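K.L.:
Protein chains in written order, with the working numbering: chain A, 1 to 159; chain B, 1001 to 1159.
Cβ coordinates follow ideal geometry from the N, Cα and C atoms, glycine included.
None of these values were measured; they are calculated from a predicted model.
There are 2 protein chains.
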Amino acid sequence: MTNAETLVAELKKRRLTCATAESCTGGGVGALITGAPGASEVFLGGVVSYTNNIKRDILGVPESILNPPGSGAVSEECAAAMAQGARRLTGADIAVSVTGLAGPGGDGVHPQGYVCFGVATASKSATCSRIFAGDRAAVRKAAADFACSLIVEEARRIS
Amino acid sequence: MTNAETLVAELKKRRLTCATAESCTGGGVGALITGAPGASEVFLGGVVSYTNNIKRDILGVPESILNPPGSGAVSEECAAAMAQGARRLTGADIAVSVTGLAGPGGDGVHPQGYVCFGVATASKSATCSRIFAGDRAAVRKAAADFACSLIVEEARRIS
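(1) Closer than 8 Å, Cβ to Cβ, to anything on chain B: give me those residues from the segment 41 to 58 of chain A, in chain order.
(2) Residues in the segment 18 to 34 of chain A with C-beta within 9 Å of chain B's C-beta atoms, listed in sequence order?
(3) Of all the alpha helix (DSSP H) runs that stay within the bounds of the segment 1051 to 1120 of chain B, which reach a length of 4 or more residues?
(4) Would you report the Cα separation of B:Gly1028 and A:Gly27, rounded to the nearest angstrom?
(5) Can you name the residues of chain B whose CB is closer than 8 Å to the CB of A:Arg136?
(6) Name the chain A residues that come within less than 9 Å of B:Pro1104, Cβ to Cβ?
(7) Among the residues of its own chain, which have a CB less than 7 Å from the CB of A:Ala21, if the five just before and after it don't count?
(8) Suppose you measure from the CA of A:Gly118 to the CA of B:Lys1141; what does that come to, to the nearest Å?
(9) With A:Pro104 and B:Pro1037 assumed to form a contact (beta carbons below 8 Å), what rounded beta-carbon distance in angstroms separates them?
(10) Under a Cβ-count criterion, where at least 16 other Cβ atoms within 10 Å of its own Cβ denotes burial, should A:Gly113 be classed as buried or exposed?
(11) Give the straight-line distance between the Cα atoms of B:Ala1155 and B:Glu1010, rounded to the nearest whole angstrom.
(12) Just to confirm my understanding: we take A:Lys13, look at its own chain, exclude 5 residues before and 5 after, and list those with CB closer than 7 Å. What are they?
(13) Starting from B:Thr1090, find everything on chain A with Cβ-Cβ shorter than 9 Å and list it in chain order.
(14) Write down the C-beta distance between B:Ala1031 and A:Thr25 rounded to the nearest angstrom, noting that I regard them as a contact closer than 8 Å.
(15) By DSSP's criteria, A:Ala126 is part of a beta bridge. Which residues make up the other side?
(16) Can you say whether A:Ala122 is buried or exposed, counting buried as having 16 or more other CB atoms within 10 angstroms of its CB?
(17) Is the beta carbon of A:Leu44 less than 8 Å from the beta carbon of B:Ile1054?
(18) I need the boundaries of the beta strand (DSSP E) containing B:Thr1017, first residue and last residue.
(19) State the start and end residues of the unbroken alpha helix (DSSP H) segment that holds B:Ser1149.
(20) Below 8 Å CB to CB, which residues in the same chain sit around B:Arg1056 once its five sequence neighbours on both sides are set aside?
(21) Relative to the alpha-carbon of B:Ala1133, which residue among B:Ser1075, B:Ser1125, B:Gly1072, B:Gly1106 has its alpha-carbon at the smallest distance?
(22) Just how far apart, CA to CA, sit A:Glu77 and A:Thr127?
Here it is, written out as structure tokens:
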């Protein structure tokens, strides 16, 4: 089973739905999930927020996070707000977010491969961050896989 | 040059931006575009609207299109409304939409591989449809590539 097939099976079994808010993966998490037949039973959709304006205007990420002296778009604070925004917009049981530095290059503060994730449900909001090795493509692939696994983990926790 | 690299180069040269509204590709168009370094200069983001509710609530596709006796979610009418919705939400110069039947199987009316596309700009709204051969993965890949080429074509037409 691929990651996406596991996700579809696990959420279907528990009658849970999921959604995404993606920055550096650009749609790669949604594409990964919907690569599995039957994804339409568990995946509602999401927002690809590649710019700060879209993070703010569609997902509702506060300016105070995006702009100085806030933590900026590549931060766990931003990831949390993105996931909450995706959950609010879609009504999904579990929303996951991804924002990070796929490269080439870091941003002067964090290295290339630094990616923040958010998970939002009705009762919880959690974040984490990882540094993935490799080039832009490798970082994006690893980040999408990891986001997928966060959804599965959360589904198993919920029920 | 990959399709995405061409897109980034062409839009950058013309100072144009783009956005997406995706159904059957599930984020694959955004993922394709953002696979190219420099995509952040031309790609704003988009909406993955895998369910009819998200097509309606976030992209503003009218119920009269989505539900009988409308044409349904897999139609050029729906593709047009999705692209217009993405443009309105993001403010991009060019928005492209994708909605179709990646499979497995058709929907009783259209065959597997039938995909509708919309292109919206400030002054125009156009649609087209194609039938792509192959399995789910092949259809999704072909549809994402085609959406990418529609954006490039429109950019060249605009300026």
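P.N.:
This is what the structure holds:
(1) Going along the segment 41 to 58 of chain A in chain order, one finds Phe43, Leu44, Gly45, Gly46, Val47, Val48, Ser49, Tyr50, Thr51, Asn53, Ile54, Asp57, Ile58 with a Cβ nearer than 8 Å to chain B.
(2) Ala19, Thr20, Glu22, Ser23, Cys24, Thr25, Gly26, Gly27, Gly28, Val29, Gly30, Ala31, Leu32, Ile33, Thr34
(3) 1052 to 1057, 1063 to 1066, 1076 to 1090
(4) As a working mapping, residue 1028 of chain B is identified with position 28 in the second sequence. As a working mapping, residue 27 of chain A is identified with position 27 in the first sequence. If you take the alpha carbons of B:Gly1028 and A:Gly27, they lie about 6 Å apart.
(5) On the first sequence, position 136 is the one that residue 136 of chain A refers to. Near A:Arg136 (Cβ distances below 8 Å), the residues of chain B are Gly1035, Pro1037.
(6) On the second sequence, residue 1104 of chain B is found 104 positions in, with the first residue counted as 1. Within 9 Å Cβ-Cβ: Pro37.
(7) Here residue 21 of chain A is taken as the residue at index 21 of the first sequence, counted from 1. Taken in chain order, the residues that qualify are Gly46, Val47, Ser49, Leu59, Met82, Ala83, Gly85, Ala86, Ala95, Ser97.
(8) Counted from its first residue, the first sequence places residue 118 of chain A at position 118. Counted from its first residue, the second sequence places residue 1141 of chain B at position 141. Here the alpha carbon of A:Gly118 sits roughly 28 Å from the alpha carbon of B:Lys1141.
(9) Residue numbering aside, residue 104 of chain A sits at position 104 when the first sequence is read from its first letter. Residue numbering aside, residue 1037 of chain B sits at position 37 when the second sequence is read from its first letter. For a cut-off of 8 Å, the C-beta gap from A:Pro104 to B:Pro1037 is around 6 Å, short enough to register as a contact.
(10) Here residue 113 of chain A corresponds to residue number 113 of the first sequence, with the count starting at 1. So A:Gly113 counts as buried.
(11) Walking along the second sequence from the start, residue 1155 of chain B turns up at place 155. Walking along the second sequence from the start, residue 1010 of chain B turns up at place 10. Rounded to the nearest angstrom, the two C-alpha atoms are 7 Å apart.
(12) Working through the first sequence from its first residue, we reach residue 13 of chain A at position 13. Its chain contains no residue whose beta carbon lies nearer than 7 Å to that of A:Lys13 once the 5 sequence neighbours on both sides are disregarded.
(13) Locating residue 1090 of chain B in the second sequence gives position 90, where the first residue counts as 1. Those are Thr51, Asn53, Ile54, Asp57, Ile58, listed as they occur along chain A.
(14) In the second sequence, counting from the first residue as 1, residue 1031 of chain B sits at position 31. In the first sequence, counting from the first residue as 1, residue 25 of chain A sits at position 25. Rounded, the Cβ-Cβ distance is 7 Å, consistent with contact.
(15) Position 126 of the first sequence, counted from the first residue, corresponds to residue 126 of chain A. A:Val119, per the DSSP bridge assignment.
(16) As a first step, residue 122 of chain A is located in the first sequence; it is residue number 122 there, counting from the start. Exposed.
(17) Reading the first sequence from its first residue, position 44 is the one you call residue 44 of chain A. Reading the second sequence from its first residue, position 54 is the one you call residue 1054 of chain B. The answer is yes: Cβ separation under 8 Å.
(18) Reading the second sequence from its first residue, position 17 is the one you call residue 1017 of chain B. Unbroken run through B:Thr1017: none, as it is neither H nor E.
(19) Translated into the one-based positions of the second sequence, residue 1149 of chain B becomes position 149. Counting along the chain, the alpha helix (DSSP H) containing B:Ser1149 begins and ends at 1136 to 1158.
(20) Counting from 1 along the second sequence, the entry for residue 1056 of chain B is found at position 56. Closer than 8 Å at the Cβ level, and outside the excluded window around B:Arg1056, lie Pro1062, Glu1063, Leu1066.
(21) Here residue 1133 of chain B refers to the residue found at position 133 when the second sequence is read from its first residue. Comparing Cα-Cα distances from B:Ala1133 to each of B:Ser1075, B:Ser1125, B:Gly1072, B:Gly1106, the minimum goes to B:Gly1106.
(22) The residue labelled residue 77 of chain A in the question sits at position 77 within the first sequence. The residue labelled residue 127 of chain A in the question sits at position 127 within the first sequence. In this structure, the straight-line span from the alpha carbon of A:Glu77 to that of A:Thr127 is close to 8 Å.
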